[in-house]
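Notes follow once the structure below has been shown.
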């Protein structure tokens, strides 16, 4: 056995001992103890909480009106003439627009995730639990949506309904709902044959109560992990649709629309592209790292059956 293998074995043994020994703890306490060890995930969570606070208080934090134009200071470099992050092609303060755009971009992710949850989770729960013809039709409908490339289908929906943030995020939520449906359905299929579910059925417990009290809590773990990934995809999709002119309507700003506007002046003022691009990249990375941390923290809970 090599030195590296020995060290890894001792590390796993120590971790298992730390989890198994000591006073009994609830699943929530065990999850938080394991999650705190995932330092990248903790940093990602703190970053997203800070970004949420910035988005909530953006109008108070913005040093100027994000739509106020100053044509005497167009394309000012960061730090010039008192503008911390410079100005855009209309002389608007980039710092103010970045702060306000964070609210729009996070709201877009929340709207898309909400639509995906409302459409995908109930159908996955009920279809998998009841089975039969209803489940078959639900699966066929999900497969039909998943056969199209997500962004192309979203572009087609937005083109039919018209541009705008709400329409764009409805389209993104609609194309991601089948993936949540598939995930929830596979989890329910593995849970519905458990002994405690059969016992609840045998004493006449209504199906709705069984799904709400016994089935849903057992599918929350993989669902939470997937929701963080859906949020990351929604932010990228919003940026893509806004870049194509199918997202927010000017002068409303999102990071994606700021990329689209700044792309024409990238050689003269690269900060117009770098600032929103970095913001999108960091936020999407934070969502993905948080999802990895949740998967690792919840995964051991599932594998150990605790």
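Numbering (our numbering), first residue to last: 527 to 832.
Even for Gly, the Cβ is constructed at its ideal location relative to N, Cα and C.
- Under the DSSP assignment, residue 788 falls in the alpha helix (DSSP H) whose first and last residues are 781 to 788.
- Residue pairing by DSSP places residue 702 opposite no residue, since no beta bridge is assigned to it.
- The stretch 655 to 675 and the stretch 624 to 636 do not touch, with fewer than 3 CB-CB distances between them shorter than 8 Å.
- For residue 673, there is no enclosing alpha helix (DSSP H), as DSSP gives it neither H nor E.
- In the structure shown, residue 731 falls within a coil segment according to DSSP collapsed to helix, strand and coil.
- Cβ atoms of residue 810 and residue 758 come within 8 Å of each other, at about 5 Å.
- Exposed is the label assigned to residue 776, since fewer than 16 other Cβ atoms lie within 10 Å of its Cβ.
- Residue ranges of uninterrupted alpha helix (DSSP H) with 4 or more members, entirely inside the stretch 735 to 781 and ordered along the chain, are 742 to 769.
- Across the set 698, 652, 649, 659, the C-alpha of 698 shows the shortest separation from the C-alpha of residue 674.
- When DSSP reads this structure, residue 721 sits in no beta bridge, so it has no partner.
- For the set 807, 794, 795, the Cα lying nearest the Cα of residue 765 is the one of 807.
- Here the stretch 573 to 587 does not lie against the stretch 597 to 617, with fewer than 3 beta-carbon pairs under 8 Å apart.
- The shortest CA-to-CA distance from residue 817 to any of 779, 750, 782, 557 is the one to 750.
- The beta carbon of residue 593 lies closer than 6 Å to those of 777 in the same chain, with the five residues before and after it left out.
- Between residue 760 and residue 626, the C-beta gap is not smaller than 9 Å, which leaves the two residues out of contact.
- Residue 790 has its alpha-carbon roughly 18 Å from the corresponding atom of residue 772.
- Taking a contact to require three or more Cβ pairs closer than 8 Å, the stretch 637 to 652 and the stretch 698 to 708 qualify as touching.
- Between residue 651 and residue 710 a beta carbon distance of about 6 Å is seen, short of the 8 Å cut, so the two are scored as contacting.
- In the pairwise beta carbon analysis, the stretch 786 to 805 is classified as touching the stretch 613 to 623: at least three pairs are separated by under 8 Å.
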